[in-house]
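Colleague:
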Amino acid sequence: MHTLQNRLGKIEFLIMALVVTAVAGCGTSQNQTPPMAATIAPAPEAAPPTAQEARSKSSAQRARSKSSAMRARMSPEVSTKLNTAMVLAQMHQTNLMEIELAKMAQEKGSINGVRAYANQLVQDHTSLDQMVISMAQKSGNRAAVGRSAHESAQEKTLEKKLKSANGAKFDKLFLQQANSDHERLIRKLQQDREDASDDELEALIDKTIPILEQHKELAQILMNKEQASG
Amino acid sequence: MARAEASGSARRTSPGARFAAGIVAGIIGGILMIGFMMGYAHVMGAGLTTPLKVLGAFVYGVEALVAGPDAMLAGALIQLGFSILLGILFAPFISRGTSTLAALCAGIIVGIAIWVAMDLFVLPYENPTMAARVALKPLAYFIAHLLYGFGLAMTPAFIRTFSKERHDQEPRVHGRASAAQTQSN
Chain X
491 MHTLQNRLGK IEFLIMALVV TAVAGCGTSQ NQTPPMAATI APAPEAAPPT AQEARSKSSA
551 QRARSKSSAM RARMSPEVST KLNTAMVLAQ MHQTNLMEIE LAKMAQEKGS INGVRAYANQ
611 LVQDHTSLDQ MVISMAQKSG NRAAVGRSAH ESAQEKTLEK KLKSANGAKF DKLFLQQANS
671 DHERLIRKLQ QDREDASDDE LEALIDKTIP ILEQHKELAQ ILMNKEQASG
Chain R
2 MARAEASGSA RRTSPGARFA AGIVAGIIGG ILMIGFMMGY AHVMGAGLTT PLKVLGAFVY
62 GVEALVAGPD AMLAGALIQL GFSILLGILF APFISRGTST LAALCAGIIV GIAIWVAMDL
122 FVLPYENPTM AARVALKPLA YFIAHLLYGF GLAMTPAFIR TFSKERHDQE PRVHGRASAA
182 QTQSN
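Protein chains in written order, with the working numbering: chain X, 491 to 720; chain R, 2 to 186.
And the structure:
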């Protein structure tokens, strides 16, 4: 009886995982806003939202409400596990994207500060990713961190932009991007922290946010230095 | 008579020997600690020099992470300075007769006390850059403090070494003094 219940639980979890992945996948392909690897979009600070942004926002909201409605129908245990898997997958993707961008900056950065910053990003995101992977393995969400980095169209455009830029222009573009990426990431993780019901995931997010805040602060310091030097 | 005085002074632990032993044990503990942290950071892909940089953040703030050799030098000096200071403060509680086991227990207790104080009271307020990174590797940071405790546990051995050196020198000093006295007579 117990084994049957276990098996049913596993099947339920698998079905829900497929459904939520499909919903999340639709969301990203329609909106062009990948989960947390939205790292690479420009900062929407002061600019008013355009029609396309508004559309993508509303479809993202729809996707989120769909997935939360799904989760509401699941048992709390399965829902928690699924949520944890999704957040871990997003964190893993983000780390991979950040490492990739930082590696480019290690080669193309024109000043020592930018190269040192890129080194630090690679080291920190590597450490953070190891923690994500180890947590995924411990909690039986190995599949969540099994995939390699995949880029959205927006990310590809940005990568092209960065590849074509050189010298001070590259530094400026990279630092602006790092600043806005980290700002967005921090907000996303704070949201995930509020929604999370897994203690381990909460602890992981609590450890990650201060590091990301330091990355953001460093990007701002380096941008100010660049501006001051002309 | 002179020989009896000499052996009596050697049995007592001189403040100079304690001071020197505290310095050397502190340096050894500090090097063990930072060496372990650097090795661990390197193996884990966090960068060999990151522990020095985050220590440098006591002076440079978060900018230490990109400040280069200056921040690393500051970090090394802070590590060595505090290690020596705590070694000197530890030495007065130890004598040349302290057993290895007692010294080891005392060293480990001091190491754990420093770890607790740093983790709870110092880092979150004085160096959030380091606090954030320590949170990623809490076990390694704890082990590093135990290693510092092992370093401190060498204090009695160094006290004995330095007292012995003094003891070896004393008869010669006495000999010279008596020769000088004979000449003056």
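Every residue, glycine too, gets a C-beta built ideally from N, C-alpha and C.
A quick note: this is a predicted structure, and the numbers were derived from the prediction, not measured.
Does the region 588-600 of chain X come within contact of the region 664-677 of chain X, defined as at least 3 CB pairs closer than 8 angstroms?
Modeller: Enough Cβ pairs lie closer than 8 angstroms, so yes.
Colleague: Within 10 angstroms of the Cβ of X/A536, are there 16 or more other Cβ atoms? Answer buried if so, exposed if not.
Modeller: At X/A536, the pLDDT of 41 sits below 50, so the modelled position is not reliable and the matter cannot be decided from this model.
Colleague: List, in order along the chain, the chain R residues whose C-beta lies closer than 7 angstroms to that of X/G657?
Modeller: Ordered by position in chain R, no residue passes the 7 angstroms Cβ test against X/G657, which lies about 19 angstroms from the chain.
Colleague: If we count Cβ pairs, one from each stretch, closer than 8 angstroms, do we get three or more for the region 91-98 of chain R versus the region 116-128 of chain R?
Modeller: Cβ pair count under 8 angstroms is below three, so no.
Colleague: Excluding the five sequence neighbours on either side, which residues of its own chain have a C-beta within less than 6 angstroms of the C-beta of X/A781, listed in chain order?
Modeller: Since the first residue shown for chain X is 491 and the last is 720, residue 781 of chain X is missing from the structure and cannot be characterised.
Colleague: Specify whether the region 668-677 of chain X and the region 692-702 of chain X touch according to this definition: at least 3 beta carbon pairs, one from each stretch, less than 8 angstroms apart.
Modeller: Enough Cβ pairs lie closer than 8 angstroms, so yes.
Colleague: Measure the alpha-carbon distance for X/A579 versus X/A634 and round it to whole angstroms.
Modeller: Answer to the nearest angstrom: the Cα atoms are 5 angstroms apart.
Colleague: Name the chain X residues whose beta carbon is nearer than 8 angstroms to that of R/L137?
Modeller: Neighbours of R/L137 on chain X, chain order: S617, L618, M621, K697, I701.
Colleague: Quick one: does X/E597 have its CB under 8 angstroms from some CB of chain R?
Modeller: No, X/E597 lies away from the interface with chain R (no Cβ there is under 8 angstroms from its Cβ).
Colleague: When the Cα atoms are used, what is the spatial distance from R/Q80 to R/I35?
Modeller: Those two C-alpha atoms are separated by around 8 angstroms.
Colleague: From what residue to what residue does the alpha helix (DSSP H) around X/D671 run?
Modeller: Looking at the DSSP string, the run of the alpha helix (DSSP H) that includes X/D671 is 657-685.
Colleague: Can you give me the C-alpha to C-alpha distance between R/C106 and R/G30, rounded to a whole angstrom?
Modeller: If I take the Cα positions, the gap works out to 15 angstroms.
Colleague: Does DSSP put X/S654 in a helix, in a strand, or in coil?
Modeller: Three-state result, X/S654: helix.
Colleague: In whole angstroms, what separates the C-alpha of X/Q717 from that of R/M73?
Modeller: If you take the alpha carbons of X/Q717 and R/M73, they lie about 26 angstroms apart.
Colleague: Could you tell me the distance, in whole angstroms, from the CA atom of X/G657 to the CA atom of X/T647?
Modeller: So the alpha carbons of these two residues sit roughly 19 angstroms apart.
Colleague: Is it true that the CB of X/Q610 sits closer than 8 angstroms to the CB of R/V44?
Modeller: No. Outside cutoff.
Colleague: Give the secondary structure of R/G27 by DSSP, where H, G and I count as helix, E and B as strand, and everything else as coil.
Modeller: Helix.
Colleague: Under a three-way DSSP split, which group does R/T99 fall into?
Modeller: Of the three classes helix, strand and coil, the one that applies to R/T99 here is coil, per DSSP.
Colleague: Span of the alpha helix (DSSP H) holding X/L712?
Modeller: Where X/L712 is concerned, the enclosing alpha helix (DSSP H) stretches over 689-719.
Colleague: If contact means a Cβ-Cβ distance below 7 angstroms, which residues of the region 66-94 of chain R contact chain X?
Modeller: Under the 7 angstroms Cβ criterion, the region 66-94 of chain R contributes L66, V67, G69.
Colleague: Give the straight-line distance between the Cα atoms of R/I24 and R/L102, rounded to the nearest whole angstrom.
Modeller: Their backbone Cα atoms lie some 20 angstroms apart in a straight line.
Colleague: Using the three-state DSSP reduction, which class does X/M491 fall into: helix, strand or coil?
Modeller: Model confidence at X/M491 stands at a pLDDT of 45, short of 50, so the residue's coordinates are unreliable; what they give is reported in the following sentence. In the structure shown, X/M491 sits in coil (DSSP, three-state: anything other than H, G, I, E or B).
Colleague: What three-state label does DSSP hand X/S565 in the structure shown?
Modeller: X/S565 falls in the coil class under three-state DSSP.
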